[in-house]
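Visitor:
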Amino acid sequence: DAKTTQPNSMESNEEEPVHLPCNHSTISGTDYIHWYRQLPSQGPEYVIHGLTSNVNNRMASLAIAEDRKSSTLILHRATLRDAAVYYCTVRVGNKLVFGAGTILRVKS
Amino acid sequence: DVKVTQSSRYLVKRTGEKVFLECVQDMDHENMFWYRQDPGLGLRLIYFSYDVKMKEKGDIPEGYSVSREKKERFSLILESASTNQTSMYLCASEGDRTYFFGPGTRLTVL
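If you read the sequences in order, they're chains L and V. Numbered according to the numbering used here, the first sequence terminates at residue 117, and the numbering increases by one at each position without gaps. Numbered according to the numbering used here, the second sequence terminates at residue 122, and the numbering increases by one at each position without gaps.
#1: Does the Cβ-Cβ distance between L:Q47 and L:C97 come in under 7 Å?
#2: For the putative contact between V:V121 and V:A93, defined by C-beta atoms under 8 Å, what is the C-beta separation to the nearest angstrom?
#3: Ordered along the chain, which non-local residues of its own chain (more than five positions away) have a Cβ less than 8 Å from that of L:Y41?
#4: Does the region 44 to 59 of chain V come close enough to the region 81 to 101 of chain V to have 3 or more Cβ pairs within less than 8 Å?
#5: Which term fits L:H28, buried or exposed, when burial requires 16 or more other beta carbons within 10 angstroms of its beta carbon?
#6: Quick one: residues in its chain with C-beta nearer than 8 Å to the C-beta of L:N17, no 5 flanking neighbours on either side, listed in chain order?
#7: Between which residues of its own chain and V:F45 is the CB-CB distance below 6 Å, once the five residues before and five after are set aside?
#8: V:N43 versus chain L: which residues are under 9 Å apart at the beta carbon?
#9: Leaving out five residues before and five after L:S34 in sequence, what residues of the same chain have Cβ atoms less than 6 Å from its Cβ?
#10: Throw me the rounded Cβ distance for the L:A69 and L:L84 pair, which I believe falls under 8 Å.
#11: So what does DSSP say about V:Q37, is it helix, strand or coil?
#12: Determine the closest residue to L:M19 out of L:R67, L:N103, L:Y95 and L:F107, with distance taken between C-alpha atoms.
#13: In the DSSP output, what is V:R5 paired with across the bridge?
#14: Listing by chain order, which chain V residues have their CB less than 8 Å from the CB of L:R100?
#15: Which term fits V:C32, buried or exposed, when burial requires 16 or more other beta carbons within 10 angstroms of its beta carbon?
#16: For L:R86, I'd like the list of residues in its chain whose CB is within less than 8 Å of its CB, leaving aside the five on either flank, ordered along the chain.
#17: Mind checking the region 49 to 69 of chain L against chain V and listing, in chain order, the residues whose C-beta falls within less than 9 Å of any C-beta there?
#18: If we define contact as Cβ-Cβ less than 7 Å, is V:G28 a contact residue for chain L?
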C-alpha cells in the first residue's frame with residue numbers, strides 16, 4: 010500500500026500562510042491524495058482531496074507535484090482554530106491509508 | 013449535515029468480556045469503516061464494509077469481528093477483550109470520495 014511521510018510538527022503565526030508538506034513516493038496513478046485534520050477530542054474531518062491538478066476549496070488549497078510523489082496543503086491564513094493534527098492520506102481503492110500526521114501549532 | 017454517531021464516547025471493560033461498538037450514519041452511504049487510533053501509530057484500518065452483510069478485513073483484523081445487518085449501522089465486536097485492545101476506535105462512512113468520521117469511542121480494557 011502507498012505510504013505517506015509528513016513532518017512530526019510545525020508551527021505557524023496567526024494570520025500567516027502555512028504550507029504542510031507530504032511525501033507519497035509509492036503512490037500509484039489512480040490513488041487520490043486526501044487531507045484530513047483532527048481537532049482535540051474529535052474524529053478526523055475532511056479538508057481537501059485531489060488526483061493530479063491543484064485544488065482549492067473554502068478551507069485550503071492542495072498543490073500536487075507533477076510527478077505526484079509529493080503534495081502540499083496550504084492554509085492561506087492560519088487561525089487558532091486551525092491548530093490540529095493534519096493527516097495526508099492516500100486513497101487506495103476504497104481505503105484511506107493514514108500516516109502519523111503533522112501536529113500544527115498556531116501562535117497568536 | 014452528515015452525521016456519524018457512535019454509541020459511547022468512553023467505555024471501560026474487563027479482560028475477556030465481549031464488547032460491542034455501534035456506529036450509525038444517516039446519509040445512506042454504502043461504505044463504512046472501523047479504525048483504531050493509537051499514539052505514534054496513527055489510524056489503522058480494522059474492517060470495512062461496502063454493502064449490507066458484506067465485509068472485508070483491513071490491516072489489523074485479529075481479535076475483532078464486524079456486523080452490518082442494516083445499511084446505516086456497522087458494529088465492531090471484540091469477542092474477548094484484551095488489554096492490548098485499549099484504544100480510540102473511530103467509525104467512518106464514505107460518500108463521494110469523502111470520509112465522515114464519528115467522534116470516537118475511547119475503550120479501556122482492564
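C-beta atoms are modelled at their ideal positions from N, C-alpha and C, and glycine is treated no differently.
Guide: Inspection of the coordinates gives the following:
#1: no
#2: 5 Å
#3: H58, G59, L60, V99 and R100
#4: yes
#5: exposed
#6: A109, T111 and I112
#7: F60 and A104
#8: N103
#9: K78
#10: 5 Å
#11: strand
#12: L:Y95
#13: Any question about residue 5 of chain V goes unanswered here, given that chain V covers just 13 to 122.
#14: R109
#15: Reading off the sequence shown, one finds Phe at residue 32 of chain V, where the question assumed Cys. Result: exposed.
#16: E24, E25 and P26
#17: S50, Q51, G52, P53, E54, Y55 and H58
#18: no
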